[in-house]
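K.L.:
This is the structure I have questions about; it appears just below.
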Amino acid sequence: MNKKWYVYSCLMLLFFLISPSSFAQHKGISFQGVIKLPDGTYPTKSGVTVNARILSPNDCILREENFTGVNISKGYINLALGTGAVEGNDPGLTLKQVMNNSSTISNGPSLPSGLVCLAADGSVNGSVTSFDPTSTNGARKFRMSLYVDSIPVVADFNMRSMAYAINSETLEGKAASDFVSINNAKGMTQTNLESVFDRFTKLDAILNGFNAGGTSAGINITGNASTATTATNISGTVAIANGGTGATDVATARSNLGLGPLATMSPTGANGTKFLRDDGTWQSVSGGGLTSCPAGFTLIGTSGSADAFCISSNPETSANWLGANQTCRGKSPKARLCTASEWAAACVDGAAGPNNMTGHWEWVADLYNSYGQVMGAGGCDSFSSYNVSYSYGSRCCFR
141 MNKKWYVYSC LMLLFFLISP SSFAQHKGIS FQGVIKLPDG TYPTKSGVTV
191 NARILSPNDC ILREENFTGV NISKGYINLA LGTGAVEGND PGLTLKQVMN
241 NSSTISNGPS LPSGLVCLAA DGSVNGSVTS FDPTSTNGAR KFRMSLYVDS
291 IPVVADFNMR SMAYAINSET LEGKAASDFV SINNAKGMTQ TNLESVFDRF
341 TKLDAILNGF NAGGTSAGIN ITGNASTATT ATNISGTVAI ANGGTGATDV
391 ATARSNLGLG PLATMSPTGA NGTKFLRDDG TWQSVSGGGL TSCPAGFTLI
441 GTSGSADAFC ISSNPETSAN WLGANQTCRG KSPKARLCTA SEWAAACVDG
491 AAGPNNMTGH WEWVADLYNS YGQVMGAGGC DSFSSYNVSY SYGSRCCFR
């Protein structure tokens, strides 16, 4: 009596099979089916060997694998193509190549001379050695062959073109490396990318100012900036408070800065003996020294020379050394206590010098250790040192 076995249902999924022990990933095709006996029961068998093939519509073998030690539990059988032992008439193609519909499949690494294609009775059809998916709908079929209690079981299942993918190898022909990956730690986010490309025109202008090595190409970049380190040319007006002149021309700039008019910045004959007055004119300098002194002071030295200075015509009121200094600072114009060299220069001028410089001590600015220096008691060349708390006359000087 003949026995018939039926494969009741199946489900084929394109998936990543993850091993619990190593988490290694395997791209493959999952087959799940149920075998039902004619009497309505579902067999349970262990250690079954299963031959699995992927065939083209013209029955060319595109993939062939053997699975050993397969367990069938209450009719349920589960296989993962891509994990079995490749053998038989397998052409050596990857699953990606097996499912490729873009060109004719005529051979493989294991079968370089052509594919093995089958006749209707299962024998080899030598007249067919290739499969052109563009001439058909490209649909493949899955054929499972096994023995249960010495009874052969052969079943074909159509492989639909719309596979379910948990993780696909490509998307529209592009690999994972062809896509930008989000990396929050590096700031690679959708928001940041949109922000950059929203301002692409200005960013591109900045990048074009540098060569591939990062060196400036000398290209001027236009745009607005609240601050800048250096600028070759500025358009518009920069306020005085921000380091500018508040003007767009020289005359207005000078007026805004309180410099007044200036006919020329480099008048003929301008040199180190001229200075620019606040009315915008150039003034010659003769020697650079004083030519006169206010009331109460006597001019010492050649008028207008660099060494000319003014000294008190008469001794200042007696005071300690610090008080003498303060007296001079209170003068108008502000003066200072004369140095020993200034006091001596004024003293030797004789009749042309200040009055009453000898026969008594007068403070000078020089100090000796913690003592103040005094001069004049015994003549122009006499000097001594006394405690700065003593009271003596003094002279004030200014240049």
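The sequence shown runs 141 to 539 under my numbering. Don't be surprised by glycine CBs; every beta carbon is placed ideally from N, CA and C.
1) Figure out for me which residue from 199, 397 and 383 has the closest Cα to the Cα of residue 230.
2) With three or more C-beta pairs closer than 8 Å as the rule, is the region 207-220 touching the region 249-262?
3) Can you give me the Cβ contacts of residue 208 inside the same chain, cut-off strictly under 6 Å, excluding the 5 residues immediately before and after it?
4) Who are residue 298's beta bridge partners in DSSP?
5) Provide the residue(s) that pair with residue 459 in DSSP beta bridges, ordered along the chain.
6) Per DSSP, what kind of secondary structure is residue 474 in: helix, strand or coil?
7) Under 8 Å between the Cβ atoms of residue 459 and residue 531?
8) What is the rounded straight-line gap between the Cα of residue 457 and the Cα of residue 518?
9) Let me make sure I understand the geometry here. Which of 472, 481 and 437 has the alpha-carbon closest to that of residue 447?
10) What residue ranges within the region 319-348 form continuous alpha helix (DSSP H) runs of no fewer than 4 residues, ordered along the chain?
11) Residue 224 and residue 183 - do their beta-carbons sit closer together than 8 Å?
12) Quick check: the Cα distance between residue 522 and residue 445, rounded to an integer number of angstroms?
13) How is residue 193 classed by DSSP in three states: helix, strand or coil?
14) Exposed or buried, what is residue 239 when buried is set at 16 or more other beta-carbons lying within 10 Å of its beta-carbon?
15) Which first and last residues belong to the beta strand (DSSP E) in which residue 433 is found?
16) Going straight from the alpha carbon of residue 525 to that of residue 534, what length do you get?
17) Under 8 Å between the Cβ atoms of residue 508 and residue 528?
18) Relative to the alpha-carbon of residue 202, which residue among 264, 270 and 171 has its alpha-carbon at the smallest distance?
19) So residue 218 is in the beta strand (DSSP E); what residue range does that whole segment cover?
20) Compute the Euclidean distance between the alpha carbons of residue 498 and residue 520, then round it to the nearest angstrom.
21) Count the other C-beta atoms from every protein chain shown that fall within 10 angstroms of the C-beta of residue 165, then say buried if there are 16 or more, exposed otherwise.
22) When DSSP builds the beta bridges, which residues end up paired with residue 375?
23) Give the DSSP-derived three-state secondary structure of residue 482 in the structure shown.
P.N.:
Taking the structure as given:
1) Comparing Cα positions, the closest option is 199.
2) Two segments are said to touch when three or more pairs of C-beta atoms, one from each, lie closer than 8 Å; by this definition the region 249-262 does not touch the region 207-220.
3) Closer than 6 Å at Cβ, skipping near neighbours: 189.
4) Answer is 281, bridged to residue 298.
5) 532, per the DSSP bridge assignment.
6) Coil.
7) Yes, the pair counts as a contact, with Cβ atoms nearer than the cut-off.
8) For residue 457 and residue 518, the distance between alpha carbons rounds to 20 Å.
9) Selected option, being the one with the closest Cα: 481.
10) For the region 319-348, whole alpha helix (DSSP H) runs of length 4 or above, ordered along the chain, are 330-338 and 340-347.
11) Annotated as distal: residue 183 and residue 224, with beta-carbon spacing of 8 Å or more.
12) Looking at the two C-alpha atoms, the distance is approximately 28 Å.
13) Note: residue 193 maps to strand in three-state DSSP.
14) With 16 or more neighbouring CB atoms inside 10 Å of its own CB, residue 239 falls in the buried class.
15) No beta strand (DSSP E) holds residue 433; DSSP gives it neither H nor E.
16) If you draw a straight line from the Cα of residue 525 to the Cα of residue 534, it is about 14 Å long.
17) When the beta-carbon positions are compared, residue 508 and residue 528 stay at least 8 Å from each other.
18) Of the listed residues, the one whose Cα sits closest to residue 202 is 270.
19) It spans 216-221 - the beta strand (DSSP E) in which residue 218 sits, taken as one unbroken run.
20) If you take the alpha carbons of residue 498 and residue 520, they lie about 7 Å apart.
21) Residue confidence for residue 165 is low, a pLDDT of 48 falling below 50, so the modelled location carries little weight and cannot support an answer.
22) Bridge pairing for residue 375: absent [DSSP].
23) Reduced to three states, the DSSP call for residue 482 is helix.
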